[in-house]
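A quick write-up on the structure given underneath.
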Amino acid sequence: MADITMARLHEAMVILYAVSLVFYFIDYLYKEKKAIRIAMSLLGIVWVLQTIFLVLYIFETQRFPVLTLFEGIYFYAWLLVTLSIVLRIFYRFDFVVFFINVIGFIFMTIHTFSPVQIEQSPVGDALVSELLFIHVSFAILSYVAFSLSFVFAALHMVLYRMLKKKKWTKQWANLPSLGQTQQFMTISILVGISLLFVSLVLGLQWAVISLPEFSLLDMKIIGSFVLLVLYSLVLWRHRKGSLNGMNYALAHTYLFLVLLINFFLGSRLSDFHFWY
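All residue numbers for the sequence shown refer to the UniProt record's numbering, where the first residue is 1 and numbers rise by one.
The structure is reproduced here in structure tokens:
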């Protein structure tokens with residue numbers, strides 16, 4: 001029972017860490033005080049849980065846990081979380097803190113769902129299944145966020161043309177402004193990019209554990225990384241001020257079509273992503 005609880009708590013840490021990354025990303029781009037408070041709170045919970053497990057492991061083994069690769073990865077992840085918290089509190093190095101946490105999340109995921117952990121755990125098969133479940137859940141949530149950005153993009157284009165043709169009526173009075181639709185587009189893809197990145201990390205980890213062999217050249221993997229890069233590029237250009245208004249909305253629309261192609265065609269052409 002204790003082993004099962006420990007396994008569940010490690011899974012919870014990964015999820016909390018993933019969600020904190022989303023809020024760190026939002027804070028890094030927009031300096032939202034609420035976002036950084038949530039991110040720091042979640043990361044603080046992760047650090048406390050990591051520290052408790054580390055201390056318990058030291059008492060159990062009567063030594064410092066750095067003698068194996070499995071132990072070293074966990075200690076390395078703990079150090080990265082500790083370092084990121086210190087840098088955020090005392091120095092406010094937001095860019096550095098965000099990327100330290102990206103690396104820390106990757107190694108925390110590797111540790112939690114590593115083959116060694118799976119073999120040692122009495123719920124090893126369940127861990128693998130739940131890793132897949134978390135991966136798929138984050139992927140679907142990212143698609144929802146991207147779909148929302150498409151809706152606001154379409155609304156932006158409709159509103160723009162209505163205003164340009166001076167066909168504004170009271171029926172449109174309760175709709176958001178052009179500025180608000182652009183803002184919601186940005187928030188939606190920002191969240192979507194974060195969730196998709198987390199999903200890809202978890203998905204690759206699941207593939208390494210579960211599949212006897214797999215290729216990074218799988219169409220679904222390639223399509224997902226292309227999608228991540230394209231959405232990130234659009235967000236970056238928008239932040240630089242070179243992509244706004246109708247062009248920004250059109251970019252969201254085109255990328256949503258790419259998303260649909262990857263979702264349906266990519267799954268059909270994939271060697272291990274199957275949809276029935």
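For glycine and all other residues, C-beta sits at the position ideal for the given N, C-alpha and C.
By how many angstroms is the C-alpha of residue j removed from the C-alpha of residue i?
| i | j | result |
| --- | --- | --- |
| residue 55 | residue 39 | 24 Å |
| residue 61 | residue 71 | 11 Å |
| residue 44 | residue 20 | 10 Å |
| residue 148 | residue 58 | 47 Å |
| residue 195 | residue 155 | 24 Å |
| residue 216 | residue 103 | 20 Å |
| residue 263 | residue 159 | 29 Å |
| residue 75 | residue 83 | 12 Å |
| residue 136 | residue 204 | 12 Å |
| residue 142 | residue 242 | 25 Å |
Does the distance from the CB of residue i to the CB of residue j come in under 8 Å?
| i | j | result |
| --- | --- | --- |
| residue 202 | residue 260 | no |
| residue 255 | residue 229 | no |
| residue 18 | residue 198 | yes |
| residue 108 | residue 13 | yes |
| residue 192 | residue 146 | yes |
| residue 87 | residue 81 | no |
| residue 190 | residue 225 | no |
Please determine, among the options, the residue with the shortest C-alpha to C-alpha distance to residue i.
| i | options | result |
| --- | --- | --- |
| residue 186 | 252, 77 and 49 | 252 |
| residue 206 | 74, 106 and 27 | 106 |
| residue 176 | 33, 157, 146 and 98 | 157 |
| residue 209 | 65, 110, 31 and 101 | 110 |
| residue 8 | 53, 247 and 32 | 53 |
| residue 32 | 224, 138, 243 and 94 | 94 |
| residue 188 | 37, 232 and 221 | 232 |
Considering only residues of the same chain and omitting the five flanking positions on each side of residue i, which have a CB-CB separation below 6 Å?
| i | result |
| --- | --- |
| residue 112 | 10 and 14 |
| residue 79 | none |
| residue 249 | 153, 156 and 157 |
| residue 181 | 152, 155 and 156 |
Apart from the five residues just before and just after residue i, which ones in its own chain have a Cβ nearer than 8 Å to its Cβ?
| i | result |
| --- | --- |
| residue 239 | 29 |
| residue 85 | 40, 43, 44 and 47 |
| residue 100 | 80, 83, 84 and 87 |
So, at 7 Å on beta carbons, what are the nonlocal neighbours of residue i in its own chain, with the 5 sequence-adjacent residues on each side left out?
| i | result |
| --- | --- |
| residue 258 | 227 and 230 |
| residue 35 | 23, 26 and 27 |
| residue 16 | 42, 45 and 46 |
| residue 150 | 252, 253 and 256 |
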